[in-house]
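Taking it in order: structure first as structure tokens, then the write-up.
Numbering (full-length UniProt numbering), first residue to last: 1 to 82.
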């Protein structure tokens, strides 16, 4: 709920509060997915927030055996020359 509070600027009323009913927009969903990915050290698909738009539903989905999230990959070092 802390990530939602940071992104939306207010604390959800509970774990069943809908992200979009609280005023969340697609850009904020991207921000929330990125923050969750950093905290959990795994990729979080933005589409997961659209499918599971409450903290409770998202937590259940991420804890499911075939979760919609994958371990986060380390970024490859760039070999571009300037």
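Quick reminder that beta carbons are idealized off the backbone N, C-alpha and C, glycines included.
Would a C-beta distance cut-off of 7 angstroms place residue 52 and residue 61 closer than the cut-off? Result yes, Cβ atoms of residue 52 and residue 61 sit closer than 7 angstroms.
Expressed to the nearest angstrom, what Euclidean distance is found between the alpha-carbon atoms of residue 37 and residue 49? Here the C-alpha atom of residue 37 lies approximately 12 angstroms from the C-alpha atom of residue 49.
Cβ pair residue 44, residue 33 closer than 7 angstroms: Their beta carbons are under 7 angstroms apart, which means residue 44 touches residue 33 by this criterion.
Quick check: the Cα distance between residue 26 and residue 18, rounded to an integer number of angstroms? Rounded to the nearest whole angstrom, the C-alpha separation of residue 26 and residue 18 is 13 angstroms.
Whole-angstrom Cβ separation of residue 55 and residue 12, contact assumed at under 8 angstroms? That belief holds up - the Cβ atoms of residue 55 and residue 12 are roughly 6 angstroms apart, short of 8 angstroms.
Taking the straight line between their C-alpha atoms, what separation do you get for residue 83 and residue 39? Because the chain here runs from 1 to 82, residue 83 falls outside it and cannot be looked at.
Under the three-state reduction of DSSP, which class applies to residue 43: helix, strand or coil? Residue 43 falls in the strand class under three-state DSSP.
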